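**Student:** So that we are looking at the same thing, I have put the structure below in structure tokens.
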Amino acid sequence: MEDNEKATTDEPQGELPVDASEETAAAEPEPEAEPESDKPRWTKRALRWAAVAAVAAVVAVAGWEGWLLYQQNLEEDAAAQALDAATKYAVVLTSIDTNALDQNFTEVLDGSTGEFKDMYAKSSTQLRQLLVDNKATAHGVVIDAAVKSATKDKVEVLLFVDQSVSNLAVPDPRIDRSRIKMTMEKVDGRWLASKVELP
Numbered sequence: 005m006e007d008n009e010k011a012t013t014d015e016p017q018g019e020l021p022v023d024a025s026e027e028t029a030a031a032e033p034e035p036e037a038e039p040e041s042d043k044p045r046w047t048k049r050a051l052r053w054a055a056v057a058a059v060a061a062v063v064a065v066a067g068w069e070g071w072l073l074y075q076q077n078l079e080e081d082a083a084a085q086a087l088d089a090a091t092k093y094a095v096v097l098t099s100i101d102t103n104a105l106d107q108n109f110t111e112v113l114d115g116s117t118g119e120f121k122d123m124y125a126k127s128s129t130q131l132r133q134l135l136v137d138n139k140a141t142a143h144g145v146v147i148d149a150a151v152k153s154a155t156k157d158k159v160e161v162l163l164f165v166d167q168s169v170s171n172l173a174v175p176d177p178r179i180d181r182s183r184i185k186m187t188m189e190k191v192d193g194r195w196l197a198s199k200v201e202l203p
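Sequential numbering from 5 applies to the sequence shown in this note's numbering.
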């Protein structure tokens, strides 16, 4: 009986039997991780170039829109400056004082260029004599003005002018209402009248 007790106490206690399948699984090596991408190198390069092209396209579109906005701002500035210059010049052009004809003619020529300046300079002698003989005086007032078309260096302006006119034949001033189409061109930083029409 003592031998039986001894045999019982010699057995290891607290250990569970090991499953053979678990031992086999533990012994097997884990499968190697697959590479991140099996795509060939040319595909990676193509994707990289596509991304670069997309960024370049976005930059190009933004640049084009910026250039258009810049051009629009230039035209808006040109229109505003030319409109102001044309309004002031219309007053000079439609105002005459026989006691200051030299100054009148100088101001008209100074504010003009091209075709209109040439025409006015050629007719100035005859016009001067006509004004003196008739003792003509006039004073122009711009009632309204608007830009018809504009680029950064050429602007067409429409003006409505009331001109108070008197002379020997009509000593009491009368009002002549005129519509003037004036082409303004930028020359050396100044807006000058290159064409004046009475449509």
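Backbone N, C-alpha and C fix where the C-beta goes; we use that ideal spot for every residue, glycine too. These numbers were taken from a predicted model, which means no experiment stands behind them.
Expressed to the nearest angstrom, what Euclidean distance is found between the alpha-carbon atoms of Pro119 and Phe164?
**Tutor:** What you label residue 119 is simply residue 115 of the sequence shown in a count that begins at 1. What you label residue 164 is simply residue 160 of the sequence shown in a count that begins at 1. The sequence given here places Glu at residue 119; Pro does not occur at that position. Near 22 Å, if we compare the C-alpha coordinates of Phe164 and Glu119.
**Student:** Do the segment 139–150 and the segment 97–105 meet, that is, are 3 or more Cβ pairs less than 8 Å apart?
**Tutor:** Enough Cβ pairs lie closer than 8 Å, so yes.
**Student:** By Cβ distance below 6 Å, which residues in the same chain neighbour Ala90 in space, the five residues on each side in sequence not counted?
**Tutor:** In the sequence shown, residue 90 corresponds to position 86, counting from 1. Closer than 6 Å at Cβ, skipping near neighbours: Val161, Met186, Met188.
**Student:** How far does the beta strand (DSSP E) with Asp166 in it reach, from first residue to last?
**Tutor:** Here residue 166 refers to the residue found at position 162 of the sequence shown. Taken as a continuous stretch (DSSP letters only), the beta strand (DSSP E) holding Asp166 covers 158–170.
**Student:** Answer yes or no: do Ala83 and Val136 have a C-beta to C-beta separation smaller than 7 Å?
**Tutor:** As a position in the sequence shown, residue 83 is number 79, starting the count at 1. As a position in the sequence shown, residue 136 is number 132, starting the count at 1. No, the pair does not count as a contact, with Cβ atoms beyond the cut-off.
**Student:** Please classify Gly144: does DSSP put it in a helix, a strand, or coil?
**Tutor:** Looking up residue 144 in the sequence shown gives position 140. DSSP places Gly144 in strand when its eight states are reduced to three.
**Student:** Can you name, in chain order, every residue of its own chain whose Cβ lies under 6 Å from the Cβ of Glu201, other than the five neighbours on each side?
**Tutor:** Locating residue 201 in the sequence shown gives position 197, where the first residue counts as 1. Contacts found: Lys185.
**Student:** Tell me whether Ala57 is buried or exposed, calling it buried when 16 or more other Cβ atoms sit within 10 Å of its Cβ.
**Tutor:** Within the sequence shown, residue 57 is the residue found at index 53, counting from 1. The residue is exposed, with fewer than 16 neighbouring Cβ atoms inside 10 Å.
**Student:** In this structure, does DSSP put Ser153 in helix, strand or coil?
**Tutor:** By one-based count along the sequence shown, residue 153 stands at place 149. The answer is strand: DSSP assigns Ser153 an E or B state.
**Student:** Using the Cα positions of Ala94 and Ala54, report the straight-line distance between them to the nearest angstrom.
**Tutor:** Here residue 94 corresponds to residue number 90 of the sequence shown, with the count starting at 1. Here residue 54 corresponds to residue number 50 of the sequence shown, with the count starting at 1. Rounded to the nearest angstrom, the two C-alpha atoms are 59 Å apart.
**Student:** Can you list, in chain order, the residues of its chain whose CB lies under 6 Å from that of Val146, leaving out five sequence neighbours each side?
**Tutor:** In the sequence shown, the residue the question calls residue 146 occupies position 142. Answer for Val146: Thr91, Ala94, Leu163, Val165, listed in chain order.
**Student:** Can you list the alpha helix (DSSP H) stretches of 4 or more residues lying completely in the segment 47–85, in chain order?
**Tutor:** Whole alpha helix (DSSP H) segments, 4+ residues: zero.
**Student:** Which residue comes first and which comes last in the alpha helix (DSSP H) that contains Lys139?
**Tutor:** Start at 1 with the first residue of the sequence shown, and residue 139 comes out as number 135. Careful: Lys139 lies outside any alpha helix (DSSP H) and carries neither H nor E.
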